[in-house]
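J.:
Protein chains in written order, with the UniProt record's numbering: chain V, 1 to 360; chain X, 1 to 327.
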């Protein structure tokens, strides 16, 4: 049962312990009585449905079980059992929304999961058209995430190298601290930052004085969000590389930078890739920054540097708040696609982590 | 930057070997990584600077008090907007989220660290991590199409029997409320609090736990006397990280709140707004002043989350120093 090995007597070794166990039948009995009373109260008095009945039954069971165990085994055992029940039920309670989300995603998302959805955009799709797809959004997501990754991976890995291999003293501690703090920056703030920096200040320079939305701006915002996670995970992986590997290289006269590039990084590579994939998965699901700096559009826009782009998450958001009755199915299918993309990345990343040669 | 560790270990013993001079590759590499590391600090400063730069003109144009005004009409002339109501919404939804999520998250963390079989714990720990990977827009979509139904039923029930409490008063309609937004947020912060607290609980020194058990403690008494005191700082930090996430969550709230600016204790009636949701929902029709106003509210949000996250990290760092020196 427990991960901590508790000193336990073999069954039958200590008659005292055996005699004082509460029989399972008693607990089942308590559960049945609790359910019966709850049903009688709820439906008899007409104050609620089956949910209230279950909640009330659970409460009555806790009280009843406490009383019974208290009688047979004593107060401390009763308290122990009550807390065990509460802790286990917290766990079950958390699975309810997870199951519900997955179920709705699959059942509602399947409706429009067809060839049309993956071959058309929303261009010229009116409120009465049942068709329309998310090609433009998928292209947007892929381009933005790819650009963001291309910007962030070298920067993030380099920053982690500095922290682990070169950094000493207060300045490094400061960087580490703010990397951690930066992981908590809300995505909407990252969006506002790129909006006020790139879209409103820089883009007018090359766009005849007019601020311009673009997929590239969205990629910049995603970079701000990805950077700390990549630094953090890479840093952890670099720390796991055994010192003798480095020392061996130094002993052969290899300069430090070459040691890092040829020995340290390859050793830590699987772990680094895992971290990168997790951060990409995270970035692919971000909506707010894309909304603020890429604007969204209904048509395919291949060029990430010019004019509005959409993304899958933004597509979900906009279709979800659209008035057309054909919009919600599109939103659900896009959500299903997005979650599939993110989960595949996450699961592959985690499986990849297991192959890590230096994993803990 | 003086750096004692940068030089490759000089060969010791005997005479000095002739040093091969490259083209300063080492210097270039080190400077490059230093620049990348410094970038993090630059970004934090840049966020503050650029947000202030855009916010100030709008704040100058504001004819109301930005702190105490509840309305948000930055696009009308004269512009009238203030952060009071949306900040209130951010606070209320985050409080609901934490009140609901913290006990459940700690329960799950304890279950995974001290109750479940190891293999079960690994599998379900993975499931909880997957919950964290689901994008917030999906929770938003689920929240306002599926989850709203039980929440609405629950709200009506609360209103029927507890309308004498200020939280559950009003006469409808119910559903797209602080309660819905808060509950969706609760689901979203749950995995963060769970995974960090679980890690902390697992670090409890085994001798402490065995000592408690050998003195005859039940499992719960062992947890209460050794695991919980040991993990307290870590749990507080994980809650604060969850709070940071809840404060900044945007899209899920933009889809589940009723988009009405008001300071109210009523959590079940349609309505409510939050700083982040207000930015996402109001950005489309914002003019120049409107945009600056939204950026000003974002600046406030940034400052609040920065403080919360820094506090959480300070706790974690202190704790790490403490545990490392103890080990």
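Quick reminder that beta carbons are idealized off the backbone N, C-alpha and C, glycines included. All values derive from a computational prediction rather than experimental measurement.
Distance, Cα to Cα, residue 306 of chain X vs residue 43 of chain X?
T.: Counting from 1 along the second chain, the entry for residue 306 of chain X is found at position 306. Counting from 1 along the second chain, the entry for residue 43 of chain X is found at position 43. Between residue 306 of chain X and residue 43 of chain X, the C-alpha separation is close to 13 angstroms.
J.: Candidates X:259, X:292, X:33: which alpha carbon is nearest residue 159 of chain V's?
T.: Taking the first residue of the first chain as position 1, residue 159 of chain V is located at position 159. Comparing Cα positions, the closest option is X:33.
J.: Applying the criterion that 16 or more other CB atoms from any shown protein chain within 10 Å of the CB defines a buried residue, is residue 198 of chain X buried or exposed?
T.: For the purposes of this step, residue 198 of chain X is identified with residue 198 of the second chain, where counting begins at 1. Residue 198 of chain X should be labelled buried.
J.: Which one of X:282, X:312, X:302 has the shortest CA to CA distance from residue 73 of chain X?
T.: As a position in the second chain, residue 73 of chain X is number 73, starting the count at 1. With distances taken between Cα atoms, residue 73 of chain X lies closest to X:282.
J.: Are the C-beta atoms of residue 251 of chain X and some chain V residue less than 9 angstroms apart?
T.: For the purposes of this step, residue 251 of chain X is taken as the residue at position 251 of the second chain. It does; some Cβ of chain V falls within 9 angstroms.
J.: My output table needs one value for residue 259 of chain X: the three-state DSSP class, helix, strand or coil.
T.: Within the second chain, the letter at position 259 stands for residue 259 of chain X. Correct three-state label for residue 259 of chain X: coil.
J.: Which residue's Cα is closest to the Cα of residue 53 of chain X: X:298, X:310, X:308, X:311?
T.: Within the second chain, residue 53 of chain X is the residue found at index 53, counting from 1. Out of X:298, X:310, X:308, X:311, X:298 has the C-alpha closest to the C-alpha of residue 53 of chain X.
J.: Could you spell out where the alpha helix (DSSP H) holding residue 318 of chain V opens and where it closes?
T.: Walking along the first chain from the start, residue 318 of chain V turns up at place 318. Per DSSP, residue 318 of chain V belongs to the alpha helix (DSSP H) from 312 to 320.
J.: With the cut-off set at 9 angstroms, would you say residue 236 of chain X and residue 132 of chain X are in Cβ contact?
T.: Taking the first residue of the second chain as position 1, residue 236 of chain X is located at position 236. Taking the first residue of the second chain as position 1, residue 132 of chain X is located at position 132. It is not a contact, given that the beta carbons lie outside the stated cut-off.
J.: Spatial neighbours of residue 141 of chain X within its chain, please: CB distance less than 8 angstroms, with the 5 preceding and 5 following residues excluded, ordered by chain position.
T.: Counting from one through the second chain, the residue named residue 141 of chain X turns up at place 141. Closer than 8 angstroms at Cβ, skipping near neighbours: 255.
J.: For residue 55 of chain V, does the count of other Cβ atoms within 10 angstroms reach 16, so buried, or fall short, so exposed?
T.: For this step, residue 55 of chain V is matched to residue 55 along the first chain. It is exposed - the Cβ of residue 55 of chain V has fewer than 16 other Cβ atoms within 10 Å.
J.: Looking at chain X, which residues of the stretch 63 to 81 of chain V have a Cβ within less than 7 angstroms of any of its Cβ atoms?
T.: Cβ contacts with chain X come from 76, 77, 79, 80.
J.: Helix, strand or coil for residue 309 of chain V? Go by DSSP, reduced to three states.
T.: Here residue 309 of chain V refers to the residue found at position 309 when the first chain is read from its first residue. Strand, per DSSP.
J.: Taking only runs of the beta strand (DSSP E) that begin and end inside the stretch 190 to 223 of chain X, which ones reach a length of at least 3 residues, in chain order?
T.: For the stretch 190 to 223 of chain X, not a single whole beta strand (DSSP E) run of length 3 or above is found.
J.: Examine the Cβ distances between the stretch 69 to 86 of chain X and the stretch 222 to 235 of chain V and report whether three or more of them are shorter than 8 angstroms.
T.: The stretch 69 to 86 of chain X vs the stretch 222 to 235 of chain V: no contact.
J.: Closest to residue 49 of chain X by CA distance: which of X:316, X:155, X:303 is it?
T.: In the second chain, the residue the question calls residue 49 of chain X occupies position 49. Here the closest residue by C-alpha is X:303.
J.: The alpha helix (DSSP H) with residue 210 of chain V in it runs from where to where?
T.: The sequence position of residue 210 of chain V within the first chain is 210, counting from 1. Element bounds for residue 210 of chain V: n/a, residue is neither H nor E.
J.: Are the C-beta of residue 195 of chain X and some C-beta of chain V separated by less than 9 angstroms?
T.: Your numbering for residue 195 of chain X matches position 195 in the second chain. No, residue 195 of chain X does not count as interfacial toward chain V.
J.: Going by DSSP in three states, residue 144 of chain X sits in which element: helix, strand or coil?
T.: Here residue 144 of chain X corresponds to residue number 144 of the second chain, with the count starting at 1. Helix.
J.: So, do the stretch 242 to 256 of chain V and the stretch 168 to 188 of chain V have three or more beta carbon pairs nearer to each other than 8 angstroms?
T.: No, the stretch 242 to 256 of chain V is not in contact with the stretch 168 to 188 of chain V.
J.: Can you give me the C-alpha to C-alpha distance between residue 78 of chain V and residue 84 of chain V, rounded to a whole angstrom?
T.: Residue 78 of chain V sits at position 78 when you count from the first residue of the first chain. Residue 84 of chain V sits at position 84 when you count from the first residue of the first chain. In a straight line, the C-alpha of residue 78 of chain V is about 10 angstroms away from that of residue 84 of chain V.
J.: Counting contacts by CB-CB distance shorter than 9 angstroms, is residue 65 of chain X in contact with chain V?
T.: Against the second chain, residue 65 of chain X aligns to sequence position 65. Cβ-Cβ to chain V under 9 angstroms: no for residue 65 of chain X.
J.: Going by beta-carbon coordinates alone, are residue 278 of chain X and residue 174 of chain X separated by less than 9 angstroms?
T.: For the purposes of this step, residue 278 of chain X is taken as residue 278 along the second chain, with counting starting at 1. For the purposes of this step, residue 174 of chain X is taken as residue 174 along the second chain, with counting starting at 1. No, these two residues do not count as a Cβ contact at 9 angstroms.
J.: Given this structure, state the Cα-to-Cα distance separating residue 26 of chain X from residue 200 of chain X, to the nearest angstrom.
T.: Numbered from 1 along the second chain, position 26 holds the residue referred to as residue 26 of chain X. Numbered from 1 along the second chain, position 200 holds the residue referred to as residue 200 of chain X. Spanning the two alpha carbons is a distance of roughly 39 angstroms.
J.: Can you confirm whether residue 177 of chain V, when its beta carbon is compared against all beta carbons of chain X, has any partner nearer than 9 angstroms?
T.: Your numbering for residue 177 of chain V matches position 177 in the first chain. Taking Cβ atoms only, chain X reaches closer than 9 angstroms to residue 177 of chain V, which makes this a yes.
J.: So which of V:62, V:96, V:121, V:290 has the shortest CA-CA distance to residue 80 of chain V?
T.: By 1-based counting over the first chain, the position of residue 80 of chain V is 80. Looking at the Cα atoms, V:62 is the closest of the given residues.
J.: Can you find a C-beta in chain X that's less than 9 angstroms from the C-beta of residue 118 of chain V?
T.: Against the first chain, residue 118 of chain V aligns to sequence position 118. False, the Cβ-Cβ gap to chain X never drops below 9 angstroms.
J.: Considering only DSSP beta bridges, list what residue 332 of chain V is partnered with.
T.: As a first step, residue 332 of chain V must be located in the first chain, where it is residue number 332. Note: residue 332 of chain V sits in no beta bridge, so no partner.
J.: Spell out whether any CB of chain V is found under 9 angstroms from the CB atom of residue 43 of chain X.
T.: Taking the second chain and counting its residues from 1, the one referred to as residue 43 of chain X is at position 43. Yes, because at least one Cβ of chain V sits closer than 9 angstroms to the Cβ of residue 43 of chain X.
J.: Could you tell me if residue 224 of chain V is buried or exposed, where buried requires 16 or more neighbouring beta carbons within 10 angstroms of its beta carbon?
T.: Position 224 of the first chain, counted from the first residue, corresponds to residue 224 of chain V. Residue 224 of chain V is buried by the Cβ-count criterion.
J.: Cβ closer than 8 angstroms: which chain V residues qualify as neighbours of residue 50 of chain X?
T.: Locating residue 50 of chain X in the second chain gives position 50, where the first residue counts as 1. Chain V residues near residue 50 of chain X: 193, 196, 197, 201.
J.: Taking only three categories from DSSP, how would you classify residue 349 of chain V?
T.: Taking the first residue of the first chain as position 1, residue 349 of chain V is located at position 349. DSSP places residue 349 of chain V in helix when its eight states are reduced to three.
J.: With DSSP run on the structure shown, which of helix, strand or coil describes residue 50 of chain V?
T.: Translated into positions along the first chain, residue 50 of chain V becomes position 50. Residue 50 of chain V falls in the helix class under three-state DSSP.
J.: Is the CB of residue 97 of chain V under 9 angstroms away from at least one CB in chain X?
T.: In the first chain, residue 97 of chain V corresponds to position 97, counting from 1. Yes, contact with chain X.
J.: Using only alpha-carbon positions, find the residue among X:28, X:31, X:35, X:318 that is nearest to residue 177 of chain V.
T.: On the first chain, residue 177 of chain V is found 177 positions in, with the first residue counted as 1. Per the Cα distances, X:318.
J.: Taking Cβ-Cβ distances below 8 angstroms as the criterion, which residues of the stretch 316 to 331 of chain V are in contact with chain X?
T.: Hits within the stretch, in order: 316, 317, 320, 321, 328, 331.
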